[in-house]
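Just below is one structure, and these are the notes that go with it.
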Amino acid sequence: NAGVTQTPKFRVLKTGQSMTLLCAQDMNHEYMYWYRQDPGMGLRLIHYSVGEGTTAKGEVPDGYNVSRLKKQNFLLGLESAAPSQTSVYFCASSYPRYQETQYFGPGTRLLVL
Amino acid sequence: KQEVTQIPAALSVPEGENLVLNCSFTDSAIYNLQWFRQDPGKGLTSLLLIQSSQREQTSGRLNASLDKSSGRSTLYIAASQPGDSATYLCAGGMDSNYQLIWGAGTKLIIKP
Numbered sequence: 001n002a003g004v005t006q007t008p009k010f011r012v013l014k015t016g017q018s019m020t021l022l023c024a025q026d027m028n029h030e031y032m033y034w035y036r037q038d039p040g041m042g043l044r045l046i047h048y049s050v051g052e053g054t055t056a057k058g059e060v061p062d063g064y065n066v067s068r069l070k071k072q073n074f075l076l077g078l079e080s081a082a083p084s085q086t087s088v089y090f091c092a093s094s095y096p097r098y099q100e101t102q103y104f105g106p107g108t109r110l111l112v113l
Numbered sequence: 114k115q116e117v118t119q120i121p122a123a124l125s126v127p128e129g130e131n132l133v134l135n136c137s138f139t140d141s142a143i144y145n146l147q148w149f150r151q152d153p154g155k156g157l158t159s160l161l162l163i164q165s166s167q168r169e170q171t172s173g174r175l176n177a178s179l180d181k182s183s184g185r186s187t188l189y190i191a192a193s194q195p196g197d198s199a200t201y202l203c204a205g206g207m208d209s210n211y212q213l214i215w216g217a218g219t220k221l222i223i224k225p
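If you read the protein sequences in the order shown, they are chains A and C. Residue 108 in this note's numbering sits at position 108 of the first sequence; the count goes up by one each step and never skips. This note's numbering runs 113 ahead of the 1-based position in the second sequence.
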């Protein structure tokens with residue numbers, strides 16, 4: 001049981017490049033989330049999904065897109081990376097009640113030059 | 114708009130001491146309050162979850178309390194150990210949406 005895994009662990013991009021972050025969970029969770037964490041700030045929700053084929057915007061969705069084609073996977077895309085998107089990105093999943101605890105992946109550190 | 118604040122941002126105490134971490138929130142309409150631990154370069158691990166109908170939760174040396182009327186939650190760590198060194202984050206679950214509202218965390222250092 002691997003829990004929540006994220007790929008890649010670290011990436012450097014140049015401004016304007018695109019990339020996709022992959023999140024996978026093997027706990028059969030309905031809900032999945034993408035957060036970003038910046039120094040001195042709490043986690044901020046980018047997008048989330050309440051089930052396969054569904055996505056919704058969180059607090060800071062601009063510049064990001066997501067897809068949930070399979071229940072176990074949640075992809076985060078950056079179409080044209082900007083230096084302001086330098087951050088640590090965390091994926092999380094939970095049971096189908098948002099009141100339940102969330103299980104986190106190890107994070108992806110992204111540096112945009 | 115819900116805001117969650119954790120003060121202090123950093124705390125250093127000698128091993129063996131009991132300590133309290135604070136979390137305050139502005140909107141009492143929270144559904145639950147969760148405490149997480151984050152080790153350097155790692156993801157977050159859930160420690161305790163308190164539902165709005167509860168006053169406290171305990172797990173081993175950890176005890177978390179929730180007072181909705183005053184907008185405060187505390188995480189009590191008994192007999193602290195160097196292995197407790199980490200950043201501790203609290204997050205409030207809002208009944209109106211799916212989002213958790215996060216504090217910025219308290220970085221805790223336990224000195225041997």
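From the three backbone atoms N, C-alpha and C, an ideal C-beta is built for every residue, glycine too. For clarity, every value in this text was computed on a predicted model and none was experimentally measured.
{"Check": "Closest Cα partner of V50/A within the set G42/A, K71/A, Q85/A and R44/A", "Outcome": "K71/A"}
{"Check": "Below-8 Å beta-carbon distance, G129/C vs any chain A residue", "Outcome": "no"}
{"Check": "Host beta strand (DSSP E) of E79/A (start-end)", "Outcome": "Here E79/A belongs to no beta strand (DSSP E), and DSSP marks it neither H nor E."}
{"Check": "Top-ranked residue by Cα proximity to G206/C, from S198/C, D197/C and S186/C", "Outcome": "S186/C"}
{"Check": "Beta-carbon separation (whole angstroms), L221/C vs Y201/C, contact threshold 8 Å", "Outcome": "6 Å"}
{"Check": "Check whether E130/C and S178/C have beta carbons under 8 Å apart", "Outcome": "no"}
{"Check": "Among G16/A, P83/A, D26/A and V66/A, nearest to G155/A - alpha-carbon criterion", "Outcome": "Residue 155/A cannot be examined here, being either before or after the span of chain A that is shown, 1 to 113."}
{"Check": "Contact under 8 Å by Cβ, K9/A with R109/A", "Outcome": "yes"}
{"Check": "DSSP beta-bridge partners of D180/C", "Outcome": "R185/C"}
{"Check": "Burial state of Q85/A, where buried means 16 or more other Cβ atoms lie within 10 Å", "Outcome": "buried"}
{"Check": "Residues sharing a beta bridge with K57/A, DSSP", "Outcome": "H47/A"}
{"Check": "Backbone CA spacing between Q170/C and G156/C [nearest angstrom]", "Outcome": "22 Å"}
{"Check": "Outcome for V112/A when other beta-carbon atoms lying within 10 angstroms are tallied against a minimum of 16", "Outcome": "buried"}
{"Check": "Whole-number beta carbon distance between L43/A and Q212/C, since they are thought to touch under 8 Å", "Outcome": "Going by Cβ atoms, the distance from Q212/C to L43/A rounds to 10 Å, so no, they are not a contact pair."}
{"Check": "Check whether Y103/A and S93/A have beta carbons under 8 Å apart", "Outcome": "yes"}
{"Check": "Buried or exposed by the 16-neighbour rule on C-beta atoms within 10 Å, applied to M32/A", "Outcome": "buried"}
{"Check": "Where N1/A falls, given that 16 or more other Cβ within 10 Å makes a residue buried", "Outcome": "exposed"}
{"Check": "Below-8 Å beta-carbon distance, K155/C vs any chain A residue", "Outcome": "yes"}
{"Check": "G107/A and Q6/A closer than 8 Å at C-beta", "Outcome": "yes"}
{"Check": "Three-state class that DSSP yields for S125/C in the structure shown", "Outcome": "strand"}
{"Check": "Per-residue contacts from L162/C into chain A (C-beta, under 7 Å)", "Outcome": "T101"}
{"Check": "Unbroken beta strand (DSSP E) run spanning E230/C, endpoints", "Outcome": "Nothing in the structure corresponds to residue 230/C, since chain C is present only between 114 and 225."}
{"Check": "Nearest neighbour of I214/C, chosen from W148/C, P127/C and R174/C [CA to CA]", "Outcome": "W148/C"}
{"Check": "7 Å CB neighbourhood of T184/C in its chain, flanking five on each side removed", "Outcome": "For the record, residue 184/C in the displayed sequence is Gly; it is not Thr. Correct list, in chain order: S137, F138, T139 and S141."}
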